[in-house]
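J.:
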Amino acid sequence: MKNVSRIGQLLLRLAIAVSFLMAVMDRFGLLGPPGSGTAWGDWKHFVDYTHTLVPFINRPIANIMGIVATIAEIVFGILLIVGYRVKAVALGAAVLTLCFGLCMAVFVSINAPISYPVFVFTGAALVLSGLDHHAWSIDSYIKRSIDN
1 MKNVSRIGQL LLRLAIAVSF LMAVMDRFGL LGPPGSGTAW GDWKHFVDYT HTLVPFINRP
61 IANIMGIVAT IAEIVFGILL IVGYRVKAVA LGAAVLTLCF GLCMAVFVSI NAPISYPVFV
121 FTGAALVLSG LDHHAWSIDS YIKRSIDN
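With full-length UniProt numbering, the residue at position 76 of the sequence shown is 76, and numbering never jumps.
Right, dumping it as structure tokens:
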């Protein structure tokens, strides 16, 4: 049973991390151009969508918010893959996806965050943040080094 939870938390970390990094790749056009089955396909379409989610701000501020979200997603993705500061990073990921999902629900439709399982990622990140041990991580290596 212990291996199941070790593998489960690793898969959870990787699923959240890869999802963040793929979203970043999409907004930089690395998954295809706009209209080719991607969510955005380029930065302009991503900022347009960001502005849709926070319509009470102007476009330059939406661009800044897009930059901040992108940096957070890159940092969260990399840190979750390597397993460094998993509890804090997972909590940050939960807050980010919760804000994203609530904005989608309010300013697009309640169906939007359900169709893209945003709240599933929020819950998954919260579960990950509540675990005491993260196998195959820098955190577990550091803990083992301190304990020895």
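Using N, Cα and C, we set each Cβ at its ideal position, and we do this for glycine too.
How should I16 be labelled, buried or exposed, when 16 other C-beta atoms within 10 angstroms of its C-beta is the threshold for buried?
T.: The residue in question, I16, is buried, as its Cβ has 16 or more Cβ neighbours within 10 Å.
J.: Beta-carbon within less than 8 Å of E73's beta-carbon, same chain only, minus the 5 sequence neighbours each way: which residues are those?
T.: F20, L21, A23, V24, L96.
J.: Checking 8 Å against the spacing of the C-beta atoms, do R59 and D139 come in under that value?
T.: No; because the gap between Cβ atoms is not below 8 Å, this pair is not in contact.
J.: Candidates D147, R6, S129, I142: which alpha carbon is nearest A88's?
T.: A88 has its Cα closest to that of S129, out of D147, R6, S129, I142.
J.: Determine the contact status of P113 and M104, defining contact as a CB-CB distance below 8 Å.
T.: Result yes, Cβ atoms of P113 and M104 sit closer than 8 Å.
J.: In whole angstroms, give me the CA-to-CA distance for P55 and D42.
T.: Cα to Cα, P55 sits roughly 20 Å from D42.
J.: Among F121, G83, I78, L80, which has the Cα closest to the Cα of C99?
T.: When each option's Cα is compared against that of C99, the closest is F121.
J.: In the DSSP assignment, find the unbroken alpha helix (DSSP H) run with A105 in it and report its ends.
T.: It spans 86-107 - the alpha helix (DSSP H) in which A105 sits, taken as one unbroken run.
J.: Can A135 and L12 be called in contact, C-beta distance under 8 Å?
T.: Against a cut-off of 8 Å, the Cβ pair of L12 and A135 comes out as no contact.
J.: Starting from D139 and walking both ways along the alpha helix (DSSP H), at which residues does that stretch end?
T.: 138-147 is the extent of the alpha helix (DSSP H) around D139.
J.: To the nearest whole angstrom, what separates the beta carbons of T52 and G66, a pair I think is in contact under 8 Å?
T.: Between G66 and T52 the Cβ distance is about 12 Å, and since that is not below 8 Å, they are no contact.
J.: Tell me the rounded alpha-carbon separation between G83 and L102.
T.: Whole-angstrom Cα-Cα distance: 27 Å.
J.: CA-CA distance, F107 and V68?
T.: Computed Cα separation, rounded: 20 Å.
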